[in-house]
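Numbering (full-length UniProt numbering), first residue to last: 1 to 157.
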């Protein structure tokens, strides 16, 4: 896996899991692999928080979904989650029923495809501007952005 990332620039996205905010809720990622992949947790959008959870509070920030695993990793204590993507209230055709009616899903397995799509758009933008991007650079740039912008902290409830 490390060779795929380092030699060929493959970006690997993994859902964090749905074990909630408990300590060591992400425990199945070896340290060597965690350093090279994007681990995606779930967030509730500010619109959903405002509409469904806190009707009297305006301008809520997105918040980590209660079901989303958050880390730290049990292997080395690192943060575990690289970043968050919407994973609450995702509507898609039911996987479990033959009628193909839409169903609502809440899971980090809904967040990871959202994040993968966003990453693909970023890579496309970099390539369109002739900017060489590697998985390491992309992860570094993403993490730097989190520290310097926005200045507000994501609320955890």
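Ideal Cβ positions, reconstructed from N, Cα and C, are used throughout, including at glycine.
Since this is a predicted model, take the numbers as computed values, not measurements.
- Excluding sequence positions up to five before and after residue 38, its CB lies within less than 6 Å of the CB of 13 and 82, all in the same chain and listed in chain order.
- Of the other Cβ atoms in all chains shown, 16 or more fall within 10 Å of the Cβ of residue 44; this residue is therefore buried.
- Here residue 91 has 102 and 104 as same chain residues with Cβ atoms under 6 Å from its own Cβ, once five neighbours each way along the sequence are excluded.
- Pairing residue 122 with residue 16, the inter-Cα distance amounts to about 21 Å.
- In the DSSP annotation of this structure, the continuous segment of the beta strand (DSSP E) that includes residue 13 starts and ends at 13-15.
- For residue 90, no alpha helix (DSSP H) run applies; the uninterrupted beta strand (DSSP E) run containing it begins and ends at 90-93, by DSSP.
- For residue 5, the three-state secondary structure derived from DSSP is helix.
- With a beta-carbon spacing of about 5 Å, residue 40 and residue 111 fall inside the 8 Å limit used to define contacts.
- By the CB criterion at 7 Å, residue 20 and residue 134 fall outside the cutoff.
- Under a 10 Å Cβ-count criterion, residue 71 is classified as buried, with 16 or more other Cβ atoms of the shown protein chains found around its own Cβ.
- If you draw a 10 Å sphere on the C-beta of residue 96, you find fewer than 16 other C-beta atoms in it, and that means exposed.
- In the displayed model, residue 73 falls within a strand according to three-state DSSP.
- Around the beta-carbon of residue 128, fewer than 16 other beta-carbon atoms lie within 10 Å, marking it exposed.
- According to the DSSP assignment, residue 84 belongs to no alpha helix (DSSP H) but to the beta strand (DSSP E) extending over 83-86.
- Just measuring C-alpha positions, the residue of 86, 62 and 42 sitting nearest residue 69 is 42.
- By the neighbour-count criterion, in which 16 or more other beta carbons inside 10 Å mark a residue as buried, residue 141 falls on the exposed side.
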